[in-house]
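If you're matching positions, the sequence shown starts at 571 in the working numbering and goes up one per residue.
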Amino acid sequence: MSKLRIATFNLENLDDKPVQKPTLEERISVIRTQLLRLNADILCLQEVNGQEEAGHPRRLLALDSLLRDTPYAGFHRVSTMTGDGAEVCDERNLVILSRYEIQEHHQYRHYYAPAPHYRIVTAETTGGEEQKAKKVSWERPILHARVSFGDRTLDVINLHLKSRLPTDIEGQKLDRFTWKTASGWAEGFFLSSVKRVGQALETRMLID
């Protein structure tokens, strides 16, 4: 094998909700062409939402529609799952597609790096009670796959770091987009940074 094409693509909450705009069909008409242009042997996807259907566990039906009639539809595929492994997560799943066989895969969240504890200082609680230190847990896991190439193996890690948007602080937001104080916003930004760097730390520990 002389060349291996590895690509990553954030699908920005790929979903099939009835009232969403643009619709899934409209998004597919744009995204599918871009994925085909990548011509990837291994494709890492982020923000793939799961869909529910009566009588079935939650599945990646919107992704199935996107990949239909493309070479990627026949690729080996693994994704993040809920904690019990019964179904995919509701939102922001990670997916690895591979032209080559995936020997094994795992997902990690606080496996190598336990959640740190932090006491929030700007929260405004209704009872006025003093805040206690709580775990700062990152929501997004790491997806790791081992891909087989004959007698060789490639480790592939798909990671979606926490965004820079501040984490909500109790009593510090007037609405979804408006913060009450600059200090509350700053602490929310700090907590998001802790989550993002924590993910990076756990990934580095996995590699090492």
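Yeah, the Cβ is synthetic: ideal placement off N, Cα and C, and Gly gets one too.
(message) Check for me: the alpha helix (DSSP H) holding Phe747 runs from which residue to which?
(response) Looking at the DSSP string, Phe747 is not in any alpha helix (DSSP H), and its letter there is neither H nor E.
(request) Just list the alpha helix (DSSP H) runs in the region 601-688, keeping only unbroken ones of 4 residues or longer that don't cross its boundaries, in chain order. (result) 631-637
(request) For the beta strand (DSSP E) holding Asp725, just list the boundary residues, first then last. (result) 722-728
(request) Can you have a look at Arg607 and say buried or exposed, based on whether 16 or more other CB atoms are within 10 angstroms of its CB? (result) exposed
(request) Might you give, ordered along the chain, the residues of its own chain that have their beta carbon closer than 8 Å to the beta carbon of Thr695, omitting 5 neighbours on each side? (result) Gln701, Glu740, Gly741
(message) Could you tell me the alpha carbon to alpha carbon distance between Leu631 and Ile598, rounded to whole angstroms?
(response) 13 Å
(request) Return the residue from the list Leu731, His680, Phe719 that minimises the CA-CA distance to Gln673. (result) Phe719
(request) Look up Glu781 in the DSSP assignment and say whether it is helix, strand or coil. (result) Only positions 571 to 778 of the chain appear in this structure, which leaves residue 781 out of reach.
(message) Trp708 and Pro736 - do their beta-carbons sit closer together than 8 Å?
(response) no
(message) Please list the terminal residues of the continuous beta strand (DSSP E) segment that includes Val691.
(response) Neither: Val691 is in no beta strand (DSSP E) and is coded neither H nor E.
(request) Rank Arg710, Pro686, Glu622 by C-alpha distance to the C-alpha of Gln616 and give the top, closest one. (result) Arg710
(message) Just to confirm the assignment, what range does the beta strand (DSSP E) spanning Val717 have?
(response) 712-719
(message) Suppose the cutoff is 6 Å on Cβ atoms and the five residues either side in sequence are ignored; what does the same chain contact list for Arg679 look like?
(response) Pro711
(request) Can you have a look at Ile777 and say buried or exposed, based on whether 16 or more other CB atoms are within 10 angstroms of its CB? (result) exposed
(request) Decide if Gly653 is buried, meaning its Cβ has at least 16 other Cβ atoms within 10 Å, or exposed. (result) exposed
(message) Here's the rule I'm using: 16 or more other beta-carbon atoms within 10 Å means buried, otherwise exposed. How should Ala656 be labelled?
(response) exposed
(request) Could you have a look at Lys591 and say whether DSSP puts it in helix, strand or coil? (result) coil
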